[in-house]
Amino acid sequence: MGPPSFMGLRGSALTLAQLILVVCPAFILFGYNQSNLGGLVSVTDFTNHFPRIDTVHTEGDQKSSNATILGVVVATFTLGALVGCLSCSYTSDRFGRRIVILAGAILTVVGEVLEASSFQLAQLIIGRVILGAGVGMLSGTVPTWQSECSSSSNRGKHVVLDGLFISIGYVLQAWINLGFYQVKAGSASWRAPIAIPIFFSLLLSLAILAMPESPRWLSQQGRMQEARSTLAALKGLPDDDASIIDELSAIEHSLEQSGRTAASLGDMLKMGQDRLLYRFCLCILLQFYQQMSGGNLISVYSTVIFQQGLRMDSETSRILSGGTLTWKVLSCFAGFFAIDRFGRRFVLMVSGTGMATCMMGLAVATSFPHSNFSAQVASVFFIFLFNFFIPIGFLGANFLYCTEVAPTKLRVAMSSISTANHWLWNFAVTMITPVAINTIGYQYYIVFTCIGFCIPISVYFFYPETVGRSLEEIDLIFRNSPSVFSTVRYARENPHLALEYDLEHEKGEIRHEENVYIEPTEELIQQLRQELESARAQLQLFSAREEGLQETIVSQNKEIEQLRELLAASRTGYTQHGGERAGNGSVVAHLGRLVLGDGNSEFFAGSTTGVHFVLSAQQLYQTTFSSQEHFPECLFRLHILRHKEFPVALEHNISIASYLENNQLTSGNVFERLRNHLRDVGVVAVRKAFDKYQQCWGSLYPVLLSKQFLDTFDDTINDAWTTSIEPHLRIPFLLQVYALIALDNIDSSTTATQSEPLSSHLDTILSNLLGQMPCRGDISSLQGLILYLLYLQMTSQHSLAIRTCGMIVRLAQSLGLHRHTRRFKHPPGESELRRRLWWSVYVLDVQSSILYGLPRNIQAADTDTDLPTNTDYDDMHSNQLSYPLPGETTHIEPFLQYVNLAQILSRCLEQMYTTTNRRGGVAKIHRLQRELDVWKQDVQSSLPNIARTRELIQTRLHNINNTTTAYNSVGHPDFISVWLFILGELATMLIHRPALTFGQQEPQFADSLCACKEATTHLILAFELASDASIVPRIWPSGHHLIFQSGLMLLYDWWFQNPVQSPGILSEPDTLPKFIHITITLLSKEAAHLDERVGSGRLRSPSTTDTIESLRQASSYLHYLCTRTLGDQGELCSWPQLSGHPMESPVPQASPKIADIHSLAGPGQPTPLPDYSSSLWVPLSIDEINQMEIFELTDPLLIPWDS
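Here it is in structure tokens:
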């Protein structure tokens, strides 16, 4: 496979293209624009346009003032470059080198256009600033990009070429200025020289897009495959070549090492293991020397020096300026050949010494009078000589050295800040020079002389040699050297450091044999590479074998541990009543099993349904009473009983049968028929259904807005549907309307008659509308499905409800509701509706998971949307939302609390009902309970009715516990308050019930049992308070299974304390029969209510018969368990006596629920029990079941209990 390429180029051709198309234009822009304006300030037309910076035609104070302003205008370029360069410390690492170079090129185009078209000084300054920002970005990023793309052997030459290109920029501007200076009239004499570099800016903008990104930046971003391809293209080798792999490994290792210590800009001011402060100071000092040695003085103001300092005429000054800069270009080749041959230290010291000497000679020569021709000749000579020395070390090597000594992760930051320091001193020199030349004259050059002589001293003692080393090897020099002062000596004594894991030295490694240098041959290198490849292949083979053996060992160890646990469990079993497993500790044990649903279909029931607790109670019952009796099967599936015989009935005196003749619901005219029906129903009836939803359900599921709903309803019944597509798109709204009508009539208590009810037509409408929903999902479809799901909850259509719940979750996610609204451009009203819809879906998903014991469809990590806003509004297109005043309660406040509690329940499911991470249960329980306590305090302060509900429960509890005191009256709270209170107590039970699977010696077992007992007591009394609101037991995740399990929990607590009282758990046996009586009454009342609704003499569906019998059976068996429990303890209470207590329950005392159950016996007599032996299955013990996988539970667990 051939090596990768860019623009069809690779290797040296690609490197040359980088130099010509990117590096060359970038640094020509650097030199050209930096010095361009300095040569135009004496052009006549330029001074006419900008008289405030005219120093040619003014004298005295005015000239001095203009010189100061001129310095500011020229220096604004430097200020812009300073800002642009500093920005690279963030942008280059954030967006990549290429993007920053492209942005810099675009800014230079903008700045050059503004400058060339200026008529006012302000526009000229703005153009200079923007142009400077672009050049600053290029100067801070291009050297880094170039050095990271260059090999160690050619890196010096490549970067020194930057100095050549800068000099070319200087030369071009000098000769172009001279040429256009000959244009004596018009603004072309200065506008054209400013506009010409636009060509280089456009070339750079186009070329950088086709060039490779820095392989080291790609590695830093984790894009290793791209880094490998880029590195291979730059070297002209296949991407699987050994040298490519080794260098990439070295880059990864360097990133790993630097990542451990250096990761922020602040670390550059700390020494640390990598000596970052030392490196940073080297870069800062080197760029300071570049400016304060006089380089920018000669380049920018050479024309000014000749014209004003040496009093030469304008044209001669321009010719000499062009000559000096041309000489400077030719001198760059000296640095090009010296940088990699003699090293960085040598060229820096030679360059510094030469520049200081020239500045000293220039100071002496210019101190003579201007009439001294010899002195003028000497001054010109020293300027030419200065331009020979500066390219050797300080016209590219300084940028190169900064990028070499910086660590990988801070290379751009350190380079850009040091380059910004370059521009800062550039600004100082540019600002001061015009004034200094006019005031102190030759003494100005003495300053540069003193600073220049400091260069060789600093370089000799503090700057280590970097020539011939990779960037990663240079990193090791600073990391491994003993101290700052010994770094130079350490680098000299260790000419060839290697990374610890390298298996092959670089091609140019120096080998010492009898003090003779031997250059490795190509044959030797090829042979070594072949041996290395063979060794690598063997190493990979051995590694693969080792991994296979390790996996086998781990697998066998797991099997051994499982066998040991099974063996230990089979030997020890249950050592205490309550089902404790030996060595269980605080590991949460769970059981999921299959139960029978409608039509004997199988339903999976997880631990949240209570099946594991019922089995635990059965085990404890058998242990306590030394019995082999098993609980009826119906107790395990109370959560999936059907509580409605028929779908809801319409109360309107309008027969819809006429609209659905011959079962034509799926025909093309169904839309028109349904619309005609809605017209007959009328706006008033639909508005009544909508208002009832908003009052009852809207506080829990605020998914509808009145303005949109009513406007759409008017459009639906009034607009003409001209095409077949239009009515099809109305189906989601029709589903909303009929679901509201169904929810409005859900509590119709009309007794069934012998005639066919119209309710089946309504259920058929909803089912068929669901089947004809449009394929595309939208907000209206989601609203309709949510309302339909609430209807399915109320009618206990479990199987369809589960599928619909999954459908709305996926629809909501496909609409992007799970992501933050800032990702989309919606008006505030629509954004708020999207949040409310998402959290309604979230709540329904959590509730369905709890009720049916199924995994959640929504994970917390998948959503980042905000909670709904606490505000009331009615228009989706609102552009502004109003917020409540302090102390005001909005209609949505219960929903916000509902969502907060759902989030706690979701975390409870994730942490306590997992099939994998089941350890650490105690800490999880404490953490979840703290969250729930905070929620309870918050909800009581936000919603006073919740606090009132709690007070009513406490009053009822006081009346039961204190039979000798006067009874306090108990009121009836609102539906929302009771429901949130029930859900809070259910959360307590869900948090603590898993702890009942711990060993009974665990302190948390006793604490959680006490918490469960308190929560279930509150639940029983809350259901009693809400017995008039028949919808409470049907809202997810409530149900009659929760009522039964609450009573069973009280019996479980009593059985646990017999025969030995456990510390920390108190018993109140006198209240037990009272609470069991309330529980039995609630279950029996629901069975009688359903029996009454069905009516006598009618053919009942199997599900209805099963529901009635299951509820009666559950209440009967609960009474039997209580009677046996209290009878065995010698504390049997008379049920007739119990019913005589003045219990202010809304449950009618004359109800036949207890009297008609044959299993209830008189006081003091054992309760007769039917013979269940022929229909009972013999299940495994709880310990054995907990050892099994979920899907090992088989059909024998599905045999129903038959009374």
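Numbering-wise (my numbering), the sequence shown opens with residue 2 and increments by one.
Where is the CB? At the ideal position from N, CA and C, for every residue including glycine.
Owing to the predicted nature of the structure, the values given are computational and were not obtained by experimental measurement.
Sequence-distant residues of its chain with Cβ nearer than 7 Å to residue i (five each side left out)
i     : result
G187  : D46
E894  : N871, S943 and L944
S1047 : T1017, L1020, I1021 and T1080
R346  : V460, Y464 and E466
K1014 : M1050, L1051 and D1054
T48   : D55, V57 and H58
E248  : L232
I859  : V810, Y843 and D846
Residue i - DSSP class collapsed to helix/strand/coil
i    : result
E630 : coil
A251 : helix
F605 : strand
L10  : strand
F710 : helix
K271 : coil
T870 : coil
V919 : It is worth fixing the name first, because residue 919 is Arg in this sequence and not Val. Coil at R919, not helix or strand.
C776 : coil
H927 : helix
Neighbourhood of residue i by C-beta distance below 6 Å, restricted to the same chain and skipping five residues each side
i    : result
I475 : E405 and T467
L87  : A421
V847 : A903, L906 and S907
S168 : K329, V330 and C333
Beta-carbon proximity of residue i to residue j, cut-off 7 Å
i     : j     : result
S417  : S215  : no
A1089 : F1045 : no
L1043 : I1081 : no
S1111 : C635  : yes
A1027 : V979  : yes
P974  : R949  : yes
L238  : I245  : yes
L286  : L278  : no
M326  : Y171  : Looking at the sequence provided, one finds Leu at residue 326 rather than Met. The answer is yes: Cβ separation under 7 Å.
A366  : A357  : no
V130  : G81   : yes
Residue i - containing alpha helix (DSSP H), residue span
i     : result
F51   : First-last for F51: undefined, no H or E at that position.
A117  : R98 to A117
A364  : R345 to T367
F1024 : P1004 to L1026
A211  : Note, A211: premise wrong, no alpha helix (DSSP H); not H, not E.
V1092 : Here the sequence assigns Asp to residue 1092, which means Val is not the residue at that position. First-last of the alpha helix (DSSP H) with D1092: L1073 to V1095.
W839  : P829 to Y853
Y402  : A398 to V406
N946  : P945 to N962
S1111 : P1103 to D1129
F1057 : H1041 to F1057
Q291  : L277 to M293
R129  : L122 to C150
Spatially closest choice to residue i from the options, by CA coordinates
i     : options                     : result
D94   : G223, S13 and Q798          : G223
L818  : Y789, L788 and L783         : L783
E253  : Y171, S841 and E473         : E473
T1126 : L179, L1049, G549 and T1105 : L1049
P26   : L122, A82 and F166          : F166
S1    : S841, A14, N37 and V436     : Any answer about residue 1 is impossible in this case: the structure gives the chain only from 2 up to 1204.
Q528  : A243, Y914 and L41          : A243
L791  : F337, G164 and I1036        : I1036
F892  : C359, R565 and Y702         : The question names Phe, yet the displayed sequence has His at residue 892. Nearest of C359, R565 and Y702 to H892, Cα basis: Y702.
Opening and closing residue of the beta strand (DSSP E) in which residue i lies
i    : result
R594 : R594 to L597
Heavy atom of the ligand ATP within 6 Å of residue i beta-carbon
i    : result
L287 : In the structure on display, the ligand ATP does not appear, and there are no ligands present to speak of.
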